[in-house]
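For the sequence shown, the working numbering assigns the number 1 to the initial residue and increments by one for each residue that follows. Where is the CB? At the ideal position from N, CA and C, for every residue including glycine.
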Amino acid sequence: MQTVNKFTLKKILILICSLAVSLTIILSIYSHNANAQEPYRPSQDTAAPLKGLVEVKMTVIAVDPIKNELEARLQFELKGIYKKGPTYPAQDLLMTVNGANVQDSEITFKEGKPMIVPALKFNLVKGKINNYPFDRHIAKVAISIDPLPSIGKKFAPFELNPVPLEFNFHADVPGFDISYKPMEENSSIFIYIDVSATRSIPVKFFALVIIVIMWVLSIMALLLALKVMKSGKLPEVGMLSWTGVMLFAFPAIRNAQPGVPPVGTASDFLSFFWTEIIVVVALVIIGSCWLQRYHPPSE
1 MQTVNKFTLK
11 KILILICSLA
21 VSLTIILSIY
31 SHNANAQEPY
41 RPSQDTAAPL
51 KGLVEVKMTV
61 IAVDPIKNEL
71 EARLQFELKG
81 IYKKGPTYPA
91 QDLLMTVNGA
101 NVQDSEITFK
111 EGKPMIVPAL
121 KFNLVKGKIN
131 NYPFDRHIAK
141 VAISIDPLPS
151 IGKKFAPFEL
161 NPVPLEFNFH
171 ADVPGFDISY
181 KPMEENSSIF
191 IYIDVSATRS
201 IPVKFFALVI
211 IVIMWVLSIM
221 ALLLALKVMK
231 SGKLPEVGML
241 SWTGVMLFAF
251 PAIRNAQPGV
261 PPVGTASDFL
271 SFFWTEIIVV
281 VALVIIGSCW
291 LQRYHPPSE
């Protein structure tokens, strides 16, 4: 009996080690390190003229793949002829941006008024949330600023050419690695970038740990059920309780994954669906053995 127990323990240890190795391999394959966020530098032929420019600072504050949205804040710093104050333009400016919550995609900044805009929301145009925790989402951001003729002034303070832009990007959203990539159309007067968001390494690791935990517990329940079936003895009530609790605990364990979408993701097909089936089979085996072998005491 002792030899059998040692052999069973050895198999369980081998199984756990195999799952750990598989987890490491999967994580190394699907891990996505954030690209270095290099500052935007316009090419020499389109470099901003020395007379002035507007520095656009974009900070990503939230990513919601379920709502298919990326939320960001824009801050501005004026330089040269465009500056009347730190964020006060010397002339009316019109910003065109593809924000989903911007009416007509246009925001007007009045002369001498601070350039303040609400948080902008951009649609995630690429990415499948059902690939969690290996999903990757992309939002396209397009920004340009043009001067408007000053009403009531005989002469505009400068020509009505597109405003030269300088772009800075920042992102620090828990649970996501966020980076950006300038597109071909990107220039010194037109910001056009792809913002990419993937789950961070800690999120992927924790999700895979949850997957391993559910597999280990379900396999233990199945081995226990098979042992009870072969023993010919009456199973203890505690075995039924433990297996039954596990059946209803797995959904809570599954939902403990950070930022997990509703049921139907890749992680569910890797573990949740199959482990629930295994636990149900184990519960049926133990319950059947108990019903067959239980003999109520005679009065």
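Where do the ends of the alpha helix (DSSP H) carrying residue i lie?
i    : result
S241 : 237 to 255
K300 : Because residue 300 is not part of the residues shown, which for the chain are 1 to 299, the question remains open.
A282 : 273 to 293
I'd like to check one pair, residue j with residue i: are the Cβ atoms closer than 9 Å?
i    : j    : result
A142 : V125 : no
R293 : P202 : no
M95  : V117 : yes
N101 : K83  : no
N123 : E166 : no
State the Cα-Cα distance for the pair residue i and residue j, rounded to the nearest angstrom.
i    : j    : result
K57  : S144 : 13 Å
P251 : N131 : 18 Å
L224 : A119 : 55 Å
F248 : V97  : 48 Å
N33  : D177 : Note that N33 has pLDDT 40, beneath the 50 cutoff, so the model's placement of it is unreliable and the number below is only indicative. Approximately 7 Å between the Cα atoms of the pair.
P42  : F134 : At P42 the pLDDT is 45, less than 50, meaning the model places this residue with poor confidence and gives no usable figure here.
P89  : I191 : 19 Å
H170 : Y180 : 9 Å
L93  : V173 : 31 Å
I129 : K204 : 14 Å
List the endpoints of the continuous beta strand (DSSP E) containing residue i.
i    : result
Q75  : 69 to 80
P182 : 176 to 182
S144 : 136 to 147
N131 : It is not in any beta strand (DSSP E) - N131 carries neither H nor E in the DSSP assignment.
M58  : 52 to 64
V97  : 93 to 97
I107 : 106 to 109
Can you list, in chain order, the residues of its chain whose CB lies under 7 Å from that of residue i, leaving out five sequence neighbours each side?
i    : result
C289 : V228, M229, P235
R73  : T59, I61, A119
S271 : I211, M214, W215
Could you tell me if residue i is buried or exposed, where buried requires 16 or more neighbouring beta carbons within 10 angstroms of its beta carbon?
i    : result
D104 : exposed
P65  : buried
A197 : buried
H295 : exposed
V279 : buried
G99  : buried
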